[in-house]
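A.B. asks: Those letters in the sequence shown? Residues 834 to 1040, by the numbering used here. For each residue, glycine too, the CB sits at the ideal point set by N, CA and C. Nothing here was measured: the structure is a model prediction, and the numbers come from that model.
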Amino acid sequence: MWLASGNNQIMSGFMVSPEQYNDTDLHFFVSWTADGFNATGCMDTDCQGFVGSTPPASVSPGSTVTPTSVYHGNQTEYTVTILQVAGNWSLIVDPSGENETVGYLPGSLFTGLASNATVVGWGGNAQSSSGAGPPMGSGHGPDEGDGVAAYVASIAVYDSKGNATAPAAGNVTSLTDAGDCYGASDYEVGKDDGGFFYYGGPQGCNH
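(1) What is the C-beta distance between A1017 and P975, in whole angstroms, given that I count them as a contact (C-beta under 8 Å)?
(2) For G1033 versus A982, is the C-beta distance shorter than 8 Å?
(3) What separation, rounded to the nearest whole angstrom, lies between the Cα atoms of A837 and V953?
(4) Below 8 Å, can you find three or more Cβ-Cβ pairs linking the segment 1003-1014 to the segment 936-943?
(5) Please state the DSSP three-state secondary structure of G846.
(6) In whole angstroms, what is the alpha-carbon distance linking G874 and V892?
(7) Cα-Cα, which of S864, K994, S961 and H905 is closest to N1039?
(8) Just to confirm, are G970 and G957 a CB contact at a threshold of 8 Å?
(9) Below 7 Å CB to CB, which residues in the same chain sit around S886 once its five sequence neighbours on both sides are set aside?
(10) Would you kindly work out how many angstroms separate the C-alpha atoms of S948 and N921, rounded to a whole number?
(11) What does F862 pair with, by DSSP beta-bridge criteria?
(12) Grab me the residues of N840's own chain with a C-beta within less than 6 Å of its C-beta, minus the 5 sequence neighbours each way, in chain order.
(13) Mind reading off the beta-carbon distance from T897 to L859? Whole number of angstroms is fine, and I expect it under 8 Å.
(14) Within a Cβ cutoff of 7 Å, which residues of the same chain sit near Q908, ignoring the five residues on either side of it in sequence?
(15) Of all the beta strand (DSSP E) runs that stay within the bounds of the segment 918-969, which reach a length of 3 or more residues?
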């Protein structure tokens, strides 16, 4: 999940990054910047900025996340919410089915995001220093659907009064900068589950 206002950005979700975490496990992450990563911002708690909850939540920036979904088996869902509370950006996750406030990014870190976000996005990112791309999502394309492809569900945005609403399909734009490697299905709004789409692609693709 990604939200921004100008060159202020906050991102949070789940990632595999041997370079960041020295393993191939799935990790929960948060990153931020106030100037497009020119001179401010970092990943997790690599710099001052993110303030963890007291007492600590059961999941924290950089922690390993289990269980994960099984190919054609049990599908595991985690909800991530970034919500402005009293001028700060709170990070809320449900690792055990109950929402936990992991911590917050102070509004004083930002300029544009000190008030609100102007752009919100969901999806995946894949990159490698070796040239061949790693898998995105489950490593399968969005057209493979339930039980195979990764997905984002229950998509909603909050207004200034704290009301959550799924963005209308006409207000959502799909962006894919490596369409020969990765993809995303059309964004849809269900009656009960909010916004939804599949995404991902296999490893080994060069782009």
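C.D. replies: Working from what's here:
(1) By one-based count along the sequence shown, residue 1017 stands at place 184. By one-based count along the sequence shown, residue 975 stands at place 142. 6 Å between Cβ atoms; contact.
(2) Locating residue 1033 in the sequence shown gives position 200, where the first residue counts as 1. Locating residue 982 in the sequence shown gives position 149, where the first residue counts as 1. Yes. Within cutoff.
(3) For the purposes of this step, residue 837 is taken as residue 4 along the sequence shown, with counting starting at 1. For the purposes of this step, residue 953 is taken as residue 120 along the sequence shown, with counting starting at 1. Between A837 and V953, the alpha-carbon positions lie close to 7 Å from each other.
(4) As far as the Cβ criterion goes, the segment 1003-1014 does not touch the segment 936-943, which means the pair count is below three.
(5) What you label residue 846 is simply residue 13 of the sequence shown in a count that begins at 1. Correct three-state label for G846: strand.
(6) Working through the sequence shown from its first residue, we reach residue 874 at position 41. Working through the sequence shown from its first residue, we reach residue 892 at position 59. Taking the Cα positions, G874 is about 21 Å away from V892.
(7) Counted from its first residue, the sequence shown places residue 1039 at position 206. Ranking S864, K994, S961 and H905 by Cα distance to N1039 puts S961 first.
(8) The residue given as residue 970 occupies position 137 in the sequence shown. The residue given as residue 957 occupies position 124 in the sequence shown. At the C-beta level, G970 and G957 come within 8 Å of one another.
(9) Counting from 1 along the sequence shown, the entry for residue 886 is found at position 53. If the five residues before and after S886 are omitted, its C-beta is found closer than 7 Å to the C-beta atoms of T934, V935 and G936, all from its own chain and listed in chain order.
(10) Start at 1 with the first residue of the sequence shown, and residue 948 comes out as number 115. Start at 1 with the first residue of the sequence shown, and residue 921 comes out as number 88. Going from the Cα of S948 to the Cα of N921 covers about 9 Å.
(11) Within the sequence shown, numbered from 1, the residue matching residue 862 stands at position 29. Residue pairing of F862 in beta bridges, as defined by DSSP: G846.
(12) One-based indexing of the sequence shown puts residue 840 at position 7. The beta carbon of N840 sits closer than 6 Å to those of D868 and G869, all from its chain and outside the five residues before and after it, given in chain order.
(13) Walking along the sequence shown from the start, residue 897 turns up at place 64. Walking along the sequence shown from the start, residue 859 turns up at place 26. Rounded, the Cβ-Cβ distance is 7 Å, consistent with contact.
(14) The sequence position of residue 908 within the sequence shown is 75, counting from 1. By the criterion of a C-beta distance shorter than 7 Å, Q908 is surrounded in its chain by S902 and G980, once the five residues flanking it on both sides are discounted.
(15) Correct list: 921-926, 933-938 and 952-954.
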